[in-house]
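Here is the structure we will look at, set down as structure tokens.
Protein chains: 2
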Amino acid sequence: MSKGLTSRSDDYSQWYNELVTKADLAEHSSVRGCMVIKPYGYSIWEKMQAVLDQKFKDTGHSNAYFPLFIPKSFFSKEASHVDGFATECAVVTHYRLKNDGNGNIIVDEEAKLEEELIVRPTSETIIWNTYKGWIQSYRDLPILVNQWANVVRWEMRTRLFLRTTEFLWQEGHTAHATSEEAQAEASQMLDVYADFAENWMAMPVLKGHKTANERFAGALDTLCIEALMQDGKALQAGTSHFLGQNFAKAFDVKFASKEGKLEHVWATSWGVSTRLMGALIMAHSDDQGLVLPPKLAPIQVVIVPIYKGDEELNEISEQVLIITNELKKKGISFKYDNRDTQRPGFKFAEYELKGVPIRLAFGGRDLENNTIEIARRDTRTKETISREGLVDVIEKLLEEIQENIYKKAFDYRAEMTTEVNSYNEFKKVLEEKGGFIAAHWDGTPETESKIKEETKATIRCIPLKNKQEEGICIVTGKPSKERVIFALAY
Amino acid sequence: MSKGLTSRSDDYSQWYNELVTKADLAEHSSVRGCMVIKPYGYSIWEKMQAVLDQKFKDTGHSNAYFPLFIPKSFFSKEASHVDGFATECAVVTHYRLKNDGNGNIIVDEEAKLEEELIVRPTSETIIWNTYKGWIQSYRDLPILVNQWANVVRWEMRTRLFLRTTEFLWQEGHTAHATSEEAQAEASQMLDVYADFAENWMAMPVLKGHKTANERFAGALDTLCIEALMQDGKALQAGTSHFLGQNFAKAFDVKFASKEGKLEHVWATSWGVSTRLMGALIMAHSDDQGLVLPPKLAPIQVVIVPIYKGDEELNEISEQVLIITNELKKKGISFKYDNRDTQRPGFKFAEYELKGVPIRLAFGGRDLENNTIEIARRDTRTKETISREGLVDVIEKLLEEIQENIYKKAFDYRAEMTTEVNSYNEFKKVLEEKGGFIAAHWDGTPETESKIKEETKATIRCIPLKNKQEEGICIVTGKPSKERVIFALAY
């Protein structure tokens, strides 16, 4: 183990970068802006995927797969979509390389594509072009499809997990007979995301609408979940869009209604990405490393033997086997680290870095006393307890840790949410404290843009079921009926 | 339901194409050579993935993710690899589009990449470039990593699942301290593939070595599993490569051995792809549609009510609920199709087309008699049986179907494997019968190429544990010690 992490208070950004690489989550690749997700990081992503995938299936969705490439012309078909997505992207122009005769591999100019292909930044266009063939009548609706895929958006400044040129995500794309049904779907999927964020990631989120400025290119309404990171910055953790009939019109997708009328189909799309990994890391971790919610930890319990000589190790291993057999029965994941190449102190630091929720240390004296040392990662406290009923203790403790880190994040967010009533106050809180700032706004894109230009803060969302209260816009003094949530954001 | 399928005997190729689209497995997309995998097809692929993924994990592998793009120069680093993969591929040359002022979206020539990026056709190069940073000493070995990903190989003639420009696959990439260990890994993963093919796909496979001509570009040895389709053509269903130190040398990946010596690392790679879907379809299906092995069928049992009026339907549905509750307990997947928009005959044909292993039909008389009609897809036989112990009957029947379709494919292969002792006989069998042809060969690439040019047949493999027997090459008359397996292939 190399020396410790930079502390969050010294340099939050540096702390994050070091943590991601030192905890073996991800690293930069040789391809600009693209990351390598390392096995430990990927195993967390797999757990996220499994939970989300089951939730999608439980709400009636099926997975499918659509092409990586999208013909350039598809982007032009939906007016606002083209500006949002057809700019910074990876463009495939040729389909062959050749040897130039001097041992260099060059692009074969004779193999130029008639129409360039874009590596998908999002798949609405190719999917709605496909749905056209799937939908004739109301009997074909709804279509409830999700895709797990990689997407590419050419980013100039990248950060592991948070903003990378290629990232992994899921994108749901549904088709409906009515506007109401599509809106209900968008709302349902937002709830799925919020449930996942709060009950699996242990990360409280605000559910709300994006303003017109921040809406998905092509959507009539973008719903989002917004989380607060430990540096007081917001992170958009998932979005669910009501697309109206925009893509159906762009790709001419109509259905015959029960009454025999031809109507355009209503659409939603919704997605979360490997960005959630960044959120998970930043929501809970500390200066010693990752803090993982037990429900998403690839290893929930690590057991480290502390021994003198092979004989004692064998005795310990025998007792550990009894514990691990019981853990297996309960479906609790574990690792018994009996490597003889590293000392216990090294192992302790390693599993703290990697965020393993519970650490058991089993020493020679524990053999005699029928005890074991149990340490929890979230509070970094430890105690020596009897091995009687150990696995029940572990099971309960895992639940307690899950709740505790949620509560900690929830309390932090409460403390870091401030109501302000003037633009001066707004700027002061933004600069000195950060966090979510609840303020009155006149509802215009112009005011929103002005605030963004002057302070870099954006409206994260107009919360759902927002308290209605009379007020005046902090910038223009115009009347306002509700507070919206501002923050600096990732 | 549109009219039936073309029969296999009339036009095998047409039968396949119709089956893939009519059974809702996949379809061609608007992007040349790329397919859309539809929800039903994808649900079979997901089942395959789940089984394989568990097998990889059970053998100590972890998943990770590497970039989609590979810098052009990486391909030049391994001499044979560049010829094999850096020719027909998707080349990204630009990273921005712009509006030309006349409303057209064009490539922004100012956003030209300094070095072109290739969409990965396979990931050895980018992965070994990454492993360089992961490996210093023997303690870092072995690395046992797998990746589930999309890859692109620019294909001129494509067929759904069998040969598409973009396809989905997994690629294992392992790093070892010794040649022996790497070879054992390659061999182990071949066994994993063979086990999966035979015991899940119910598809018998030959395990063997590829000849030098057919070897993976960059490998010292390519192991493969070869299956026989119902038209007598072979299909390579999976490969596992021993790469020696080729990629370690190309990317300068060395490790300090226990003795402190710097040595190049030994490598394997292994993969199976959505091509397995094509194999699964062609191995078992018939003129009525798909025949799925129960272990990979997304729906194992379908239940169709046959009723007059809502009251009878309600009574049937009540009884069906008892059955489905029991099926659930046993982990048997099912669908109760009580749509009132389609007649039973239509539904029967639909589930035959989709290859559901068992169909139950529940009619009014079954209410009185405590009976049910049970039909099996593989033999297309049906009988009316008592509902007492029904789910046990179903459980046993699913196993029986799994075994039966394996046996059928096994017997077909036995019948379609022919030993020949002259080139004339070889050509006659190839033309009139097809299948696997076991013949003596002098071991030279020249003779192999000559046979391929003259007959299109290739050596599918030199079987593992091949019977050693003296013979003479069917073409050159030179001495040979074993027969190898020839066939026309997909």
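Those protein sequence lines, which keep their order, are chains A and B.
In terms of the working numbering, the first sequence has 479 at position 481, counting the first letter as 1, and numbering is strictly consecutive.
In terms of the working numbering, the second sequence has 97 at position 99, counting the first letter as 1, and numbering is strictly consecutive.
Even glycine gets a Cβ: it sits at the ideal position worked out from N, Cα and C.
Note that the structure is predicted; figures quoted are calculated from it, not measured.
Exercise. Is the distance from the Cβ of residue 153/B to the Cβ of residue 343/B below 8 Å?
Worked result: The sequence position of residue 153/B within the second sequence is 155, counting from 1. The sequence position of residue 343/B within the second sequence is 345, counting from 1. Not closer than 8 Å, so no.
For this session: Using 10 angstroms around the beta-carbon of residue 100/B, count the other beta-carbons present and answer buried if the total reaches 16, otherwise exposed.
Result: For the purposes of this step, residue 100/B is taken as residue 102 along the second sequence, with counting starting at 1. When all chains shown are included, residue 100/B counts as exposed.
Exercise. Does the beta carbon of residue 91/A sit closer than 8 Å to a beta carbon anywhere in chain B?
Worked result: The residue given as residue 91/A occupies position 93 in the first sequence. Chain B, which has a Cβ nearer than 8 Å to the Cβ of residue 91/A, makes this yes.
Exercise. Mind checking whether residue 400/A and residue 356/A have CB atoms under 8 Å apart?
Worked result: The sequence position of residue 400/A within the first sequence is 402, counting from 1. The sequence position of residue 356/A within the first sequence is 358, counting from 1. No.
Exercise. Nearest to residue 124/A by alpha carbon, out of 78/A, 98/A, 65/A and 145/A?
Worked result: Here the question's residue 124/A lines up with position 126 in the first sequence. When each option's Cα is compared against that of residue 124/A, the closest is 65/A.
Exercise. Any idea what DSSP makes of residue 330/B, helix, strand or coil?
Worked result: To locate residue 330/B, count along the second sequence from 1; it is residue 332. The answer is coil: DSSP assigns residue 330/B none of H, G, I, E or B.
For this session: Please report how far the alpha carbon of residue 156/A lies from the alpha carbon of residue 162/A, in whole angstroms.
Result: Within the first sequence, numbered from 1, the residue matching residue 156/A stands at position 158. Within the first sequence, numbered from 1, the residue matching residue 162/A stands at position 164. Between residue 156/A and residue 162/A, the C-alpha separation is close to 5 Å.
For this session: Following the continuous beta strand (DSSP E) through residue 126/A, name the residue where it begins and the one where it ends.
Result: Mapped onto the first sequence, residue 126/A falls at position 128. No beta strand (DSSP E) contains residue 126/A, which is instead part of the alpha helix (DSSP H) from 122 to 132.
Exercise. Do residue 489/B and residue 201/B have their C-beta atoms within less than 8 Å of each other?
Worked result: This structure leaves residue 489/B out entirely; chain B is present only between -1 and 488.
Exercise. Going straight from the alpha carbon of residue 398/B to that of residue 151/B, what length do you get?
Worked result: The sequence position of residue 398/B within the second sequence is 400, counting from 1. The sequence position of residue 151/B within the second sequence is 153, counting from 1. Their Cα atoms are separated by approximately 40 Å.
For this session: For residue 457/B, write down the residues that DSSP places opposite it in a beta bridge.
Result: On the second sequence, position 459 is the one that residue 457/B refers to. Paired residues: 484/B.
Exercise. Leaving out the 5 sequence neighbours to the left and right, which residues in its chain are closer than 6 Å to residue 217/A when beta-carbon positions are compared?
Worked result: Indexing the first sequence from 1 puts residue 217/A at position 219. Answer for residue 217/A: 239 and 241, listed in chain order.
Exercise. Mind checking if residue 481/B is an interface residue toward chain A, Cβ cutoff 8 Å exclusive?
Worked result: Position 483 of the second sequence, counting from 1, holds the residue named residue 481/B. No, because no Cβ of chain A sits closer than 8 Å to the Cβ of residue 481/B.
For this session: Take the Cβ of residue 104/A as the centre, count every other Cβ of all protein chains shown within 10 Å, and call the residue buried at 16 or more, exposed below.
Result: Locating residue 104/A in the first sequence gives position 106, where the first residue counts as 1. Classification for residue 104/A: exposed.
For this session: With DSSP collapsed to three states, give me the class of residue 489/B.
Result: Missing from the structure shown is residue 489/B; chain B here goes from -1 to 488 and no further.
Exercise. Is the Cβ of residue 161/B closer than 8 Å to any Cβ of chain A?
Worked result: Taking the first residue of the second sequence as position 1, residue 161/B is located at position 163. So no, residue 161/B is outside the interface.
Exercise. According to a CB-to-CB cut-off of less than 8 Å, which residues of the segment 134 to 158 of chain A neighbour chain B?
Worked result: 137, 143, 147, 148, 150 and 152
For this session: Would you mind giving the Cβ-Cβ distance between residue 45/A and residue 294/A, rounded to the nearest angstrom? I have them listed as a contact below 8 Å.
Result: Here residue 45/A refers to the residue found at position 47 of the first sequence. Here residue 294/A refers to the residue found at position 296 of the first sequence. So it is a contact: roughly 5 Å between Cβ atoms.
Exercise. With respect to the alpha helix (DSSP H) encompassing residue 426/B, which residues constitute its N-terminal and C-terminal limits?
Worked result: Your numbering for residue 426/B matches position 428 in the second sequence. Note, residue 426/B: alpha helix (DSSP H), 421 to 430.
For this session: Compare the C-beta of residue 129/B with all C-beta atoms of chain A and state if any pair is closer than 8 Å.
Result: Here residue 129/B refers to the residue found at position 131 of the second sequence. Not an interface residue.
For this session: Report the partner residues of residue 199/B according to the DSSP bridge assignment.
Result: In the second sequence, counting from the first residue as 1, residue 199/B sits at position 201. None; residue 199/B has no bridge partner.
Exercise. Does the segment 50 to 62 of chain A come within contact of the segment 141 to 151 of chain A, defined as at least 3 CB pairs closer than 8 Å?
Worked result: yes
Problem set entry | Contacts that residue 164/B makes with chain A (C-beta to C-beta distance below 8 Å) | Along the second sequence, one-based indexing puts residue 164/B at 166. The answer, in chain order, is 65, 66 and 67.
Exercise. Looking at the structure shown, is residue 144/B part of a helix, part of a strand, or coil, going by DSSP?
Worked result: Here residue 144/B corresponds to residue number 146 of the second sequence, with the count starting at 1. DSSP places residue 144/B in strand when its eight states are reduced to three.
Exercise. Secondary structure at residue 79/B, three-state DSSP: helix, strand or coil?
Worked result: As a first step, residue 79/B is located in the second sequence; it is residue number 81 there, counting from the start. The answer is helix: DSSP assigns residue 79/B an H, G or I state.
Exercise. Nearest to residue 358/B by CA position, among 352/B, 369/B and 351/B, is which residue?
Worked result: Residue mapping note: residue 358/B aligns to position 360 of the second sequence, counting from 1. Closest option to residue 358/B, Cα to Cα, is 369/B.
Exercise. Using 8 Å as the Cβ pair cut-off and three pairs as the minimum, do the segment 173 to 185 of chain A and the segment 79 to 99 of chain A touch?
Worked result: no
For this session: Could you give the DSSP three-state label for residue 260/B: helix, strand or coil?
Result: Sequence index remark: in the second sequence, residue 260/B carries index 262 (1-based). Looking at residue 260/B - three-state DSSP - the assignment turns out to be strand.
For this session: With a cut-off of 8 Å on the beta carbons, I'd call residue 147/A and residue 265/A a contact; round off their distance for me.
Result: Walking along the first sequence from the start, residue 147/A turns up at place 149. Walking along the first sequence from the start, residue 265/A turns up at place 267. With a Cβ gap of about 18 Å, residue 147/A and residue 265/A do not count as contacting.
For this session: Ignoring anything shorter than 3 residues or poking outside the segment 337 to 365 of chain B, list the beta strand (DSSP E) runs there in chain order.
Result: 356 to 361
Exercise. Would you call the segment 470 to 486 of chain A and the segment 108 to 120 of chain B touching, i.e. three or more CB-CB distances under 8 Å?
Worked result: no
For this session: May I have the straight-line CA-CA distance separating residue 254/B from residue 459/B, to the nearest angstrom?
Result: Along the second sequence, read from residue 1 onward, the residue named residue 254/B stands at position 256. Along the second sequence, read from residue 1 onward, the residue named residue 459/B stands at position 461. In a straight line, the C-alpha of residue 254/B is about 37 Å away from that of residue 459/B.
For this session: Output, in chain order, the set of chain B residues within a Cβ distance shorter than 9 Å of residue 95/A.
Result: Here residue 95/A corresponds to residue number 97 of the first sequence, with the count starting at 1. Result: 70, 73, 80, 84, 85, 86, 87, 89, 114 and 116.
Problem set entry | When 379/B, 420/B, 50/B and 364/B are compared against residue 557/B, the one with the closest alpha-carbon | Residue 557/B falls outside the range modelled here, since chain B spans only -1 to 488, and no answer is possible.
For this session: Using a Cβ-Cβ cut-off of 8 Å, state whether residue 10/B counts as contacting chain A.
Result: Taking the second sequence and counting its residues from 1, one reaches residue 10/B at position 12. Closer than 8 Å: no.
For this session: Compare the beta carbon distance of residue 371/A and residue 287/A with 8 Å and say whether it is the shorter of the two.
Result: For the purposes of this step, residue 371/A is taken as residue 373 along the first sequence, with counting starting at 1. For the purposes of this step, residue 287/A is taken as residue 289 along the first sequence, with counting starting at 1. No, Cβ-Cβ distance for residue 371/A and residue 287/A is not below 8 Å.
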